[in-house]
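S.K.:
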Amino acid sequence: MEERETFAMENMASDMMAYVEKKAIKANQSEPEDYIGEDGLLYCGRCHTARQIRYMGRIGFVLCDCRQAAQNERLAKRKEMERAEQIEALRLDCFPESTMCEWTFQNDDGMNPKYSKIATQYTEHFDEMKKKGAGLLIYGLPGTGKSYLAACIANKLIDKGRRVHMTNFSRIVNLIQNRFEGRQDYIDSLNRYSLLILDDLGIERKTGYMQENVYTIIDNRYRLGLPMIITTNLMPQDFRTDDVALKRIYDRIIERCFPLHVEGVNRRYSQGKSNMEDVRGLLGL
47 MEERETFAME NMASDMMAYV EKKAIKANQS EPEDYIGEDG LLYCGRCHTA
97 RQIRYMGRIG FVLCDCRQAA QNERLAKRKE MERAEQIEAL RLDCFPESTM
147 CEWTFQNDDG MNPKYSKIAT QYTEHFDEMK KKGAGLLIYG LPGTGKSYLA
197 ACIANKLIDK GRRVHMTNFS RIVNLIQNRF EGRQDYIDSL NRYSLLILDD
247 LGIERKTGYM QENVYTIIDN RYRLGLPMII TTNLMPQDFR TDDVALKRIY
297 DRIIERCFPL HVEGVNRRYS QGKSNMEDVR GLLGL
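Letter by letter, the sequence shown follows residues 47 to 331 of my numbering.
#1: Can you look up T190 in the DSSP assignment and give me helix, strand or coil?
#2: Smallest Cα separation from K192: which of V219, Y161, E170, I218?
#3: What residues in its chain sit with their C-beta under 8 Å from that of I204, if we drop five residues either side in the sequence?
#4: Do three or more CB pairs link the segment 215-228 to the segment 183-191 at distances below 8 Å?
#5: Classify K202 as buried or exposed, calling it buried when 16 or more other Cβ atoms lie within 10 Å of its own Cβ.
#6: Quick one: what does DSSP say A73 is sitting in, helix, strand or coil?
#7: For A200 versus P273, is the C-beta distance shorter than 8 Å?
#8: Can you check DSSP and say which residues form a bridge with E291?
#9: Between the C-alpha atoms of Q283 and D297, what's the straight-line distance to the nearest angstrom?
#10: With contact counted as at least three CB pairs below 8 Å, one residue from each stretch, are the segment 167-179 and the segment 91-104 in contact?
#11: Going along the chain, which residues of its own chain have a beta-carbon closer than 7 Å to the beta-carbon of W149, five neighbours each way excluded?
#12: Using a threshold of 8 Å, state whether the C-beta atoms of R208 and L241 are closer than that.
#13: Identify, in the order they occur along the chain, each residue of the same chain with its Cβ nearer than 7 Å to the Cβ of A165, setting aside the five sequence neighbours on each side.
#14: So what's F151 in DSSP terms, helix, strand or just coil?
#15: Excluding five sequence neighbours on each side, which residues of the same chain lie with their C-beta closer than 8 Å to the C-beta of Y168?
#16: In terms of alpha-carbon separation, which member of G254, R104, N118, K206 lies closest to R129?
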């Protein structure tokens with residue numbers, strides 16, 4: 047029985063070697079310019095390096111330099127395509143709106159270079175920021191570009207292969223309410239992201255249920271030492287409150303998120319005015 051099994055295994059190995067050799071020969075068909083060298087081996091007529099070697103009494107095929115370079119180029123392109131697909135998947139997973147994929151430092155209008163520089167520095171030192179669990183609290187009046195700045199950070203980190211998610215509390219709570227079970231599983235899933243961006247803190251409904259969810263999400267990141275970026279129209283004085291529920295939320299944010307006050311004109315108003323002027327022109331008014 048053992049002899050039959052050994053014989054079968056040897057046959058299988060032999061068949062496999064023959065198959066591999068056949069594939070190698072097919073992949074290495076000689077070209078008209080190829081030639082036999084003085085050592086009796088096949089050489090490439092283009093780069094003049096060996097296409098065959100002798101090993102343990104047998105002759106096998108190898109890639110010459112130019113074919114090796116071509117294969118390396120194909121592999122590099124394949125890896126580049128795979129990485130591009132991975133980055134695209136990360137970007138789609140990050141943003142609730144596809145237009146945010148275009149909110150990048152490259153597309154920045156340059157109106158607030160000071161804040162763009164700070165945001166860029168945050169991405170360049172993100173490894174240290176992550177170790178410290180350090181985030182940003184980006185606050186200011188409506189329309190000054192807070193969300194855009196946060197999205198720029200997200201896009202830059204995604205380019206580096208980081209997992210980032212940008213959302214807001216209203217959207218999170220709506221998702222939770224639509225789940226019959228698994229509320230905590232969903233909240234825990236937010237911790238798989240290297241950076242969580244919570245947009246427009248303060249616009250959500252001020253109910254006990256909402257505040258409890260806000261606290262749970264922020265407290266989870268806080269306890270795990272994971273960074274978060276929060277944008278808000280709230281001002282520093284709004285964070286000083288006697289409301290116990292809000293105070294325990296704000297205290298955790300202030301402890302972990304460096305405050306960045308974004309000032310400037312209301313871009314939405316400026317853009318809206320520009321659009322109206324364009325419409326006025328089209329209407330001949």
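From the three backbone atoms N, C-alpha and C, an ideal C-beta is built for every residue, glycine too. Keep in mind the model is a prediction, meaning the values are calculated, not measured.
M.R.: From the atom records:
#1: The count along the sequence shown starts at 1 and reaches residue 190 at position 144. Of the three classes helix, strand and coil, the one that applies to T190 here is coil, per DSSP.
#2: Translated into the one-based positions of the sequence shown, residue 192 becomes position 146. Per the Cα distances, Y161.
#3: Reading the sequence shown from its first residue, position 158 is the one you call residue 204. Result list for I204: I133, L136, R137, C140, V210, in chain order.
#4: no
#5: Looking up residue 202 in the sequence shown gives position 156. Classification of K202: buried, given that the 10 Å Cβ count is 16 or more.
#6: On the sequence shown, residue 73 is found 27 positions in, with the first residue counted as 1. Bear in mind that the predicted position of A73 carries a pLDDT of just 48, short of 50, making it too unreliable to give a figure here.
#7: Position 154 of the sequence shown, counted from the first residue, corresponds to residue 200. Position 227 of the sequence shown, counted from the first residue, corresponds to residue 273. For A200 and P273, no; Cβs fall outside 8 Å.
#8: As a first step, residue 291 is located in the sequence shown; it is residue number 245 there, counting from the start. A small correction: the amino acid at residue 291 is Ala; Glu does not occupy that position in the sequence shown. Answer is none; A291 lacks a bridge partner.
#9: By 1-based counting over the sequence shown, the position of residue 283 is 237. By 1-based counting over the sequence shown, the position of residue 297 is 251. Their backbone Cα atoms lie some 13 Å apart in a straight line.
#10: no
#11: As a working note, residue 149 is residue 103 in the sequence shown. Here the set comprises Y194, A197, C198, N201.
#12: Translated into the one-based positions of the sequence shown, residue 208 becomes position 162. Translated into the one-based positions of the sequence shown, residue 241 becomes position 195. In this structure, L241 lies closer than 8 Å to R208 by Cβ.
#13: One-based indexing of the sequence shown puts residue 165 at position 119. Within the same chain, A165 has close Cβ partners L195, C198, I199.
#14: In the sequence shown, counting from the first residue as 1, residue 151 sits at position 105. Coil.
#15: As a working mapping, residue 168 is identified with position 122 in the sequence shown. The answer, listed in chain order, is M175, L182, I199.
#16: By 1-based counting over the sequence shown, the position of residue 129 is 83. Residue K206 is the option with its Cα nearest to R129.
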